[in-house]
Amino acid sequence: MTKIIYLLDAATGVFMGESLHPLDPVETERAGEPVYALLNPLLAVEDAPPNTPAGMRAVRSNGAWTLEAVPEIPEAEVPDPELPPVPEPSDPPQPTFEERVEALRTEVQAYMDAMARSLGYDDIKTAVTYAEEPAVAKFQLEGKAFRAWRSLVWEACYALLAQVQAGEAEEPSKEALIGLLPPLEGLPDPAPPAPPAPPAPPQPDEPIEQPE
């Protein structure tokens, strides 16, 4: 035979649930029949609690069951999550002197290439290759002019940048640097225009046929 016991909260006497009544193994073996263990009345009882309506709970007090309202559990206040501070916008890093110098060198190289392309070459390196090619005098003269000009340009560019680094001159903008470079000289004079073609000689008048 199975018996049900009713568990209690030892501190408050509140009904906690049901369980099977444990047997006393020693007494059961001695008696030859089930003998249930003694109960601690603070932890379990054999009489069932009354029906408990919603919002109520059964409590064991002074050997009897009573009903009481289930106390409301205050909701724990959940603090608002702390958002990380928004970093203040910072100015973008300024380029170093070496980076600015490299940008100026790139601008100078692009300027010389553009000058060579204006005369039909791919770039200034291509134009310079014609300096030692005598097959076409015009191309050779242009190649020599570009080769000399390239050396003068880089000499002036590096001299100015050295003054800037030493604090002897202000750092120029890309546009201002181009205006400080030596001009391209030594190009052959353009071929004179061809003279106009002589007018066609006048054609003799055709004879007028006389009627017969």
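This note's numbering applies: residue 51 is where the sequence shown begins, and numbers increase by one. For glycine and all other residues, C-beta sits at the position ideal for the given N, C-alpha and C.
Neighbour-count burial assignment, residue i, 16 or more Cβ in a 10 Å radius
i: Ala187; result: exposed
i: Leu234; result: buried
i: Ile174; result: buried
i: Phe147; result: exposed
i: Val120; result: exposed
i: Gly193; result: buried
i: Val128; result: exposed
i: Leu133; result: exposed
i: Ala114; result: exposed
Through-space distance from residue j to residue i, alpha-carbon basis
i: Phe189; j: Pro240; result: 12 Å
i: Ala104; j: Gly67; result: 16 Å
i: Leu89; j: Ser111; result: 16 Å
i: Tyr86; j: Ala60; result: 21 Å
i: Ala126; j: Thr62; result: 23 Å
i: Ser168; j: Thr176; result: 13 Å
i: Leu191; j: Arg200; result: 14 Å
i: Val203; j: Gly170; result: 20 Å
i: Met162; j: Leu211; result: 18 Å
i: Phe108; j: Asn101; result: According to the sequence displayed, residue 108 carries Ala and not Phe. Whole-angstrom Cα-Cα distance: 8 Å.
i: Ala219; j: Asp130; result: 58 Å
i: Met165; j: Gln159; result: 10 Å
i: Pro143; j: Glu149; result: 12 Å
For residue i, the residue or residues it bridges with in DSSP
i: Trp204; result: In the DSSP output, where bridge partners are listed per residue, Trp204 has none listed.
i: Glu68; result: Tyr56
i: Met106; result: Ala119
i: Pro73; result: Here residue 73 is Leu; the residue named in the question, Pro, does not match the sequence. In the DSSP output, where bridge partners are listed per residue, Leu73 has Tyr86.
Assess, as a yes-or-no matter, whether the segment 51–62 is touched by the segment 84–101 under the definition of 3 or more beta carbon pairs within less than 8 Å. yes
State whether the segment 216–231 contacts the segment 192–207, with contact taken as three or more CB pairs (one from each stretch) at a distance under 8 Å. yes
Take every Cβ of the segment 121–141, pair it with every Cβ of the segment 70–87, and state whether three or more of those distances are shorter than 8 Å. no
To test your reading of the DSSP string, which unbroken alpha helix (DSSP H) runs of 4 or more residues are found completely within the segment 165–236? 174–178, 187–215, 224–229
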